[in-house]
Amino acid sequence: MTSDQGSREIDLTVTINGMEVRRRVPARLLLSDFIRDEVGLTGTHVGCEHGYCGACTVIADGDAIRSCSTLAVQVDGSDIRTVEDLASDGELTPMQQAFHENHAMQCGFCTAGFLMTLESVDPDDYREPEQVVELLSGNLCRCTGYQNIVKAVCSVWGVEGRRRDSQ
Amino acid sequence: MKPAAFDYCRPASIDEAAAALASSDSAKVLAGGQSLVPSMNFRISQPSLLVDIRDVEGLDGLEVDQDGVSIGASVTQSRVMNSDEAYSAVPGLRRALRFVGHLQIRNRGTVCGSLAHADPAAELPALAMAAGARLTVRGPQGERTAAADGFYLGPYWTGLEQSEIITGVCFPAEAPGTVTVVDEIARRSGDFAVVGLAAAFDLEDGSVGGARLVSFGVSGRPQRLAAAEEAVRGFHAGAAGDGLYGAAYEDAADAVGDIHASGEYRREALGSLLVRTARAVSASNGGKAGAR
Amino acid sequence: MTVQMKVESPTGINPMIRHRSGHIGSSLPRREDRSPLLGRRRYVADLKLPGMLEVAFVRSPEAHALIRSIDTGPALALPGVHAVYTAADLAEVGSFPHTIQYIRPVDQRPLAEDRVRYVGSPYAAVVAADRYTAEDAAALVSASTEFETLPAVAVLDQALAEDAPRLYDSWPDNRLVDFPAEKPEVTKAFEEADHTFTETYVSQRQTGLPLECRGVVAEDVDGQLTVWSSTQSPHIVRTTIAMMLGIPEPQVRVILPAMGGGFGAKTHQYPEDIVLAWIARKLGRPVRWIEDRFENLVSTVHARDQRHDVEVAYDDDGTIRAVRCAAYCDVGSGEIFMPGTATVFVTAGCITGGYDFPNMEVRPVCVVTNKTPSGAYRGFGTPEGMFVMERIIDRVARLTGADRVELRRRMILQEDQMPYIMHSGGKVDSGSHAKGFERAAALIEQSLARAKARYADDPDVRVGVGYNNYVEPTTPTYHLTTGHWAGYDSATIRVDPDGAVRVALGNTDLGQGAETTAAQLAAEALGVDPDDVTVVMGDTDRAPYGLGAWGSRGAVVMTGSVLMAADRVLVKAREIAAHMLEASSDDVVLADGGFHVAGSGTPKVSWAKVATAAWARTVDLPEGMEPGLEMSGYFEPPDLEHLPGADGKVNAAATWSNGAHAGVVSVRISTGEIRIEDYAVVHDCGTMINPMLIDGQVHGAVAQGIAGAMYEHFQYDPETAQPRFASFMEYLYPTCSEVPEMTVEHFETPAPEQPLGVKGCGEGGTIGPPAVITGAVSDALADLGVDITATPVTPAAVRRAIREAAARGAAS
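Next up, the structure:
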């Protein structure tokens, strides 16, 4: 079905984790569903579908974005990275390793979103623990109380840990 | 939570975009989509046609000159926030943007999109009013400009016609002696304000000569605080805050109650927020206080 | 800290289980981490089967209404729609069981039949090619449904009123349960006490809110039904499906893939599991339903919606003589199995927390309203009760001028009182209540002083401290909750021919690290490396029947069942090894991963050699020995009672963890903004199997407790019972910025009756924060006459409390 002004289905070309993907997709297809159902990369999770929880965070042209609040057609021509692209040959990145060692994950459902947010930024912009906390506030975690996530990030980025008692 | 079906187009020129928008009563502009797509996921919004303006020529400019900061319709909030030039010309922009959602939202959300969406609790429309920003609007009849002050009519309701697009906004450079600040009380980091204040104070020798004060999150739209603007004249760091508090409290007589707070809370907190902000700004004597 | 562990063979048959390889107490990093780090962990929503169709449920937009008619025609006409089912189509499916005789029956059908009782109630199911189309069709069904709106019951008082509209026509009122209580000793104490006061305390409606919503995939192949469900109890789901669909249980397999959190919300038996299973059989095609967040907020159980009307008798010196409490729990429509009644019983039973306080009289009442059914959420009634108790203690301190810490010291349980029988029959088996409180109070004292100094120059900011001493009933009975299942759990251990160990458990992993924990236990028991242990759980075909993960039971039941099974494996393995060593089995010991004759340098017999003899080279077995090396243990926790005695008292939990929380807040008077300046937890869950994972449980639970104390609140329109929430913009799940850095310390007081001295640890962290935060805010604003009596304590609530206190002050 197509009106004079637009179309219900759109041809789309994106690069996902270095692989070019061409598809004809419904205009209403969410990027999260495109990544998960069309491309089959299920490491990106859907937690709220209204742009709040951050579980669906992926990197588009270098920027962390919410894939549930983005239509697939909006990233036509973009370069997308998902959690599956982080480790090479199964070798964990330092951040992934730090999440493991610091027990910064429990059910693991939010983990990909946190990792992609962290991957997208320049650690030099986050030298204070408060800045790390503010950055992490765009991703929800229900299991960890965030404490070990902050710890893991600070350990990798060489940030002095979050201060107790707001000293 | 999937959007209802719609037609989609991605015009290359503003004329085509305006024509597409005029073709249907329920066509909508798609810029970053950070408010629109979630509301479509809830099927609260079911546009028949989305006009994606990402490819429209001439909308991606972020220009800073002596007159101010001009922001095109497809410029993201992150791009503005990260611009040191924009910050030095209009410091209020960064101060407002740090309250807008989180990094992931700002990476796609646009300044003009937020101005057009007109959430009554959003920071940017209030800042635009306080800072005296002007919007450039394109419609079937051509281009017009509109002051942000007066543009906001109610919740999600502006002076924009259905067939019009905000193509850009210009924030005038902050004048010497003026300090623009944004502060708010929100329930959580990144949330819309429960009570917010965007304020441009004109300082004279450590006291306030005049101010443009705009509340947000308090009533159904960002709102100039007329009585408080009178009351704040002559305010200084050591001044008693009661008069100013009372004026803001009166200005907010139409404060709304919702699940987060009562109208009474909003009136009280707005008064307190204003007094605390005015104190901090006066104490800094025209410095960069309020930059948090 | 040294720990005296009771490490006896649970079966009492083999002392070799004393073998210590150091796996217990080790913060072993988790084996569960790698797959989610790489994006490879499979949750229900990640499953895709050939020919799979998507299901969307049509949910009531009405809080209370009769369904007059449903026209499925427009939806069926939509391209891509395969079927639309309503209750009429599911006539052959049974109702959810009614297993508890003392609660009134609700006769819950999988799809609402002729009446809906809450917004979100499923009354039709659409099957379509994809979820987008299914939602289009669901919208059409919704638009083609004719309702007759009934008066809604939205608030507790309204539900209790004589002339209240009734949710269930056959009931005389809206009470699902009402257990009047009267204790003569309490009556006497009220007569004797110097003073009394009455107050009402309110805990708001919340939910567990796992980041992964619920989801079900179902497939029927040649009459064999497989259901993948994000449930905390796959075996119970299987039994329920088989029962309701009327099919033999062996023909149903329920699999829990990786779970993205449960927190109690996924313990219940939900209609969607039943409907998906039925559709898969009906259509002969795999079907999938993934709950979206809106559905999750309106249709997954809520919790904690309680009001306590209390009467307190106390003396001039601050002694609290007795408390009478009517504990009302708004259980929503009540349409959920297991029923939402048990939480308020736990509240009633545990309300006295870590205090020696026998004169407690609680009347639990469950009331139905036109809201989402309520049920389990981590903490399961304990946070609500502790909030009430600590507010009472602080009030009495304020009224009498007693010191808040001193008053608690006078009441707190002492080690020489153990085991302590609570007013409810709860048997607090052991603990560090008094020293935990002293430690928490000491930890927070400095913080309080620092915070006071920090804000000394700001007259708008006040600082306060709050305390909580709780007991956490762990490893509880499921019988009072479900009326059917009880309290054991199971493990099957097989040593394969290569010597590798496979442990299959009835417990499940929700994300807490149960797999790693189980591997540590098995490694300890069998003297192998944890890496050589494969753990299987969450699959009814591969794991033995068990009750799943809830009630902070995992550590205890896994310890018991794994040690039992391991013990039996060891006995047999030693006999095989002894035969090979030509020795008496009494002389054979296990060391360094193999068997040898004690005190001799004889060659070792490896696990592989023993297992190979058991499974393959059976000619090497002792004569007459049965082949195989696989044993099961079904562990029924000692001390656990499943039914109340004649006096109505029951020890409904096998073992009781404890903890002390203390926190400092600053409050801005002018705006009501609250900041948690510091938070300290001194925790005791007995012997710790993996301290790192336990800290993780505490951190996460405290964060949820803070969420309940300050943020999360399901609000409904008081007239229409329409939800005033649809998203995370209204339901305020805290971010990293709202959760403070906390200090967590441990005591390890072993459970005297449980294997290895282990107690549960999953829920305790949620208990303290409502009591601590409201206590601290009240303390901060004590000069202003503020005493917080409801959660969540929000900036607006603080301002309201200040205004009301001022009005009271002006009036008096």
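Protein chains in written order, with our numbering: chain A, 33 to 199; chain B, 170 to 461; chain C, -13 to 798. Glycine included, each C-beta is placed from N, C-alpha and C at the ideal position.
Subject >> Under 7 Å (Cβ pairs) to chain B, residues found in the segment 639 to 657 of chain C >> reply: Those residues of the segment 639 to 657 of chain C that come within reach of chain B (Cβ to Cβ, closer than 7 Å) are 656 and 657.
Original post:
Per DSSP, what kind of secondary structure is residue 763/C in: helix, strand or coil?
Top reply: In the three-state scheme derived from DSSP, where H, G and I count as helix and E and B as strand, residue 763/C is classed as helix.
Original post:
Are residue 91/A and residue 151/A closer than 9 Å when you measure CB to CB?
Top reply: Yes, these two residues count as a Cβ contact at 9 Å.
**OP:** Mind reading off the beta-carbon distance from residue 353/C to residue 146/C? Whole number of angstroms is fine, and I expect it under 8 Å.
**Re:** Between residue 146/C and residue 353/C the Cβ distance is about 6 Å, and since that is below 8 Å, they are a contact.
**OP:** May I ask you to list, following chain order, the residues of the segment 175 to 186 of chain B that have a beta carbon less than 7 Å from some beta carbon of chain A?
**Re:** Here the close residues are 175, 176, 177 and 178.
**OP:** Per DSSP, which residues does residue 197/B bridge with? Please list them.
**Re:** DSSP, once it has assigned bridges, lists 219/B as partnering residue 197/B.
Original post:
Which whole-angstrom value describes the C-beta separation of residue 109/C and residue 97/C, a residue pair presumed to lie in contact below a C-beta threshold of 8 Å?
Top reply: Rounded, the Cβ-Cβ distance is 5 Å, consistent with contact.
**OP:** Pick out the complete beta strand (DSSP E) segments inside the segment 301 to 377 of chain C, 3 residues or longer, and give them in chain order.
**Re:** Listed in chain order, the complete beta strand (DSSP E) runs (minimum 3 residues) inside the segment 301 to 377 of chain C are 306 to 316 and 346 to 353.
Original post:
Applying the criterion that 16 or more other CB atoms from any shown protein chain within 10 Å of the CB defines a buried residue, is residue 208/C buried or exposed?
Top reply: Result: exposed.
Original post:
Residues bridged to residue 255/C by DSSP?
Top reply: DSSP, once it has assigned bridges, lists 323/C as partnering residue 255/C.
Original post:
In this structure, what does DSSP give as the bridge partners for residue 268/B?
Top reply: Among the bridge pairs identified by DSSP, residue 268/B is matched with none.
**OP:** Closer than 6 Å by C-beta to residue 256/B: which residues in its own chain qualify, once you throw out the five before and the five after it? Chain order, please.
**Re:** Within the same chain, residue 256/B has close Cβ partners 263.
**OP:** For residue 79/A, decide whether its Cβ has a neighbour in chain B, counting only Cβ atoms nearer than 9 Å.
**Re:** Taking 9 Å as the threshold, the shortest C-beta distance from residue 79/A to chain B does not fall below it.
Original post:
What residues of chain B sit near residue 723/C, judged by a beta carbon separation below 9 Å?
Top reply: Near residue 723/C (Cβ distances below 9 Å), the residues of chain B are 357, 358 and 359.
Original post:
Looking only at DSSP bridge pairs, what is residue 56/C linked to?
Top reply: DSSP output for residue 56/C lists 131/C as bridge partner(s).
Subject >> residue 231/C versus residue 317/C: straight-line alpha-carbon distance, rounded >> reply: About 27 Å.
Subject >> Inter-residue Cα distance where the pair is residue 127/A and residue 452/B >> reply: For the pair residue 127/A and residue 452/B, the Cα-to-Cα distance works out to about 43 Å.
Subject >> Per-residue contacts from residue 176/A into chain D (C-beta, under 7 Å) >> reply: Looking for chain D here will not work: the only protein chains present are A, B and C.
Original post:
Taking only beta-carbon atoms, is residue 75/A less than 9 Å away from chain B?
Top reply: No, its Cβ sits nowhere closer than 9 Å to a Cβ of chain B.
**OP:** Please list, in chain order, all residues of the same chain as residue 396/B whose beta carbon is under 7 Å from its beta carbon, the five residues on each side excluded.
**Re:** Excluding positions up to five away in sequence, the list reads 416, 419 and 420.
**OP:** Count the other C-beta atoms from every protein chain shown that fall within 10 angstroms of the C-beta of residue 194/B, then say buried if there are 16 or more, exposed otherwise.
**Re:** Residue 194/B counts as exposed, since fewer than 16 other C-beta atoms from the protein chains shown sit within 10 angstroms of its C-beta.
**OP:** Establish whether the CB of residue 419/B and some CB of chain C are separated by less than 9 Å.
**Re:** Chain C contact via Cβ: absent.
Original post:
From which residue to which residue does the alpha helix (DSSP H) around residue 415/B run?
Top reply: Taken as a continuous stretch (DSSP letters only), the alpha helix (DSSP H) holding residue 415/B covers 411 to 420.
**OP:** Can you grab the Cα-Cα spacing for the pair residue 186/B / residue 210/B, in whole Å?
**Re:** Roughly 24 Å separates the two Cα atoms.
Original post:
Can you find at least 3 beta carbon pairs, one from the segment 221 to 235 of chain C and one from the segment 60 to 75 of chain C, that sit closer than 8 Å?
Top reply: Contact annotation: the segment 221 to 235 of chain C does not touch the segment 60 to 75 of chain C, with fewer than three C-beta pairs closer than 8 Å.
Original post:
Going straight from the alpha carbon of residue 358/B to that of residue 444/C, what length do you get?
Top reply: One C-alpha to the other measures close to 23 Å.
Subject >> Any chain C beta carbon closer than 9 Å to residue 256/B >> reply: No, no contact with chain C.
Subject >> Endpoints, the beta strand (DSSP E) within which residue 404/C is located >> reply: For residue 404/C, there is no enclosing beta strand (DSSP E), as DSSP marks it with neither H nor E.
Original post:
Can a CB atom of chain B be found closer than 9 Å to the CB of residue 37/A?
Top reply: At least one C-beta of chain B is nearer than 9 Å to the C-beta of residue 37/A.
**OP:** Report all residues from its chain with a CB closer than 7 Å to the CB of residue 0/C; omit the five preceding and five following residues, and keep chain order.
**Re:** Residue placement at residue 0/C is poorly supported in this model, since its pLDDT is 43, which falls under 50; the coordinates still yield a value, given next. Contacts found: 553, 556 and 557.
Original post:
For residue 3/C, does the count of other Cβ atoms within 10 angstroms reach 16, so buried, or fall short, so exposed?
Top reply: In this predicted model, residue 3/C has a pLDDT of only 47, less than 50, meaning its place in the structure is not dependable; the value taken from the coordinates is given anyway. By the neighbour-count rule (16 or more Cβ atoms within 10 Å), residue 3/C is buried.
Original post:
Are residue 249/C and residue 363/C touching if we call contact CB-CB under 9 Å?
Top reply: Yes, Cβ-Cβ distance for residue 249/C and residue 363/C is below 9 Å.
Subject >> Three-state secondary structure assigned by DSSP to residue 477/C >> reply: Under the three-state reduction of DSSP, residue 477/C is assigned to strand.
Original post:
Would residue 58/A count as contacting chain B if we go by Cβ distances under 9 Å?
Top reply: Between residue 58/A and chain B, the shortest Cβ-Cβ separation is below 9 Å.
Subject >> Meets three-Cβ-pair contact criterion under 8 Å: the segment 96 to 116 of chain A and the segment 36 to 48 of chain A >> reply: Contact between the segment 96 to 116 of chain A and the segment 36 to 48 of chain A is present, because at least three Cβ pairs lie under 8 Å.
Original post:
Cα-Cα, which of 617/C, 613/C, 563/C and 572/C is closest to residue 595/C?
Top reply: Checked all of 617/C, 613/C, 563/C and 572/C; the closest Cα to residue 595/C is 563/C.
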